[in-house]
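Residue numbers (the working numbering): 23 to 380.
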């Protein structure tokens, strides 16, 4: 049996060949299930369009006879109406891959900066607590010493004065505490300066472009640029905004793109790619971005800032992980939302209907 059929054959012979062809087609469809002829042809056209070919190779392909045609060319002859859809879907797939790579790179850089910034702000809080603890110990010990002295001999100097200008007048226990205070105070000032440098210098300074804050450096009496501890809270709020909204939205989109690429790869392997997948892919990407953005609604900047101030800033980044999962499984995420709506806002559930008296 040849294609196209010869015109010299009778109608009965052509009918027999057509019946045989339909039987073979049904048999092949049952073997290839869940795939079918249209899906296989569309998959080969999708892959064929993805291959890079030179002009010489294209001229050689045009010069081939029908018997030497590739599978993609046979698919084009059998389903010419799918050619444009396959080209468009392939272009869409390629553009999504490029955008996904770009967004993943940007999200990775932002995650790196936010993690480092959260560590710096957490270090500031830890050093501040250490300074306050040692300062309190010095005041307690000084009060005990003053209680044993007459009022005119008592000293009520502050800790910086005791540990700097009047260190020689202090007792040995206070001197030991002053050594600890000087060490923690130096670390505390270093943490403030590092936070200010993080906000004003380098790539991390771009984080404050969408969220403007006042300069974190100020001039001291010597004319040097020093960081101010009042600016740390502003830096924390900027980081919490990224951890609560920006990063979840980006990682939600990254998860959606990853799911889309894996699904297309699986469909190509199984030869079940269909024209409808193009429309479904667009809807899937939009839903994934919405799911990732919606995750940020459950993490407010105030709660994130509170966690950073308590030294648990690392936990705030879990919002990005949840957003990635929500974007990767957008359908499941919205099914959970639907179930929550039914449980929270449905007043006519079967389990809440009053039972009729018997």
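Each residue gets a CB set at the ideal place from its N, CA and C atoms; glycine is no exception.
Note that the structure is a prediction, hence the values are computed from the model and not measured.
Buried versus exposed call for residue i [16 or more other C-beta atoms within 10 Å across all chains shown]
{"i": "residue 67", "result": "buried"}
{"i": "residue 288", "result": "exposed"}
{"i": "residue 395", "result": "Outside the displayed range of the chain (23 to 380) lies residue 395, so it cannot be described from this structure."}
{"i": "residue 48", "result": "exposed"}
{"i": "residue 192", "result": "buried"}
{"i": "residue 360", "result": "exposed"}
{"i": "residue 42", "result": "exposed"}
{"i": "residue 155", "result": "exposed"}
{"i": "residue 45", "result": "exposed"}
{"i": "residue 36", "result": "exposed"}
{"i": "residue 313", "result": "buried"}
{"i": "residue 350", "result": "buried"}
{"i": "residue 282", "result": "buried"}
Other residues of its chain near residue i: CB distance less than 6 Å, five sequence neighbours each side excluded
{"i": "residue 62", "result": "293"}
{"i": "residue 101", "result": "63"}
{"i": "residue 213", "result": "145, 146 and 149"}
{"i": "residue 105", "result": "98"}
Residue range of the alpha helix (DSSP H) that includes residue i
{"i": "residue 302", "result": "298–317"}
{"i": "residue 295", "result": "Here residue 295 belongs to no alpha helix (DSSP H), and DSSP marks it neither H nor E."}
{"i": "residue 202", "result": "194–222"}
{"i": "residue 150", "result": "105–169"}
{"i": "residue 341", "result": "340–350"}
{"i": "residue 101", "result": "Neither: residue 101 is in no alpha helix (DSSP H) and is coded neither H nor E."}
{"i": "residue 257", "result": "254–263"}
Neighbourhood of residue i by C-beta, 7 Å cutoff - its chain only, sequence neighbours within 5 removed
{"i": "residue 71", "result": "Because the pLDDT of residue 71 is 48, which lies under 50, any placement of that residue in the model is unreliable, and the number read from its coordinates should be weighed accordingly. Excluding residues within five positions, the ones whose Cβ falls inside 7 Å are 108, 109 and 112."}
{"i": "residue 317", "result": "270, 274, 341, 344, 345 and 348"}
{"i": "residue 328", "result": "Caution applies to residue 328, whose pLDDT of 44 falls short of 50 and renders its modelled position unreliable; the model cannot decide the point."}
{"i": "residue 362", "result": "none"}
{"i": "residue 195", "result": "163"}
Any chain C beta carbon closer than 8 Å to residue i
{"i": "residue 196", "result": "Going by chain labels, chain C is absent from the structure shown, which holds only one protein chain."}
Same chain only: Cβ atoms within 8 Å of residue i, ignoring 5 sequence neighbours per side
{"i": "residue 125", "result": "272, 275, 276 and 279"}
{"i": "residue 300", "result": "107, 110, 111 and 114"}
{"i": "residue 206", "result": "149, 152, 153 and 156"}
{"i": "residue 367", "result": "none"}
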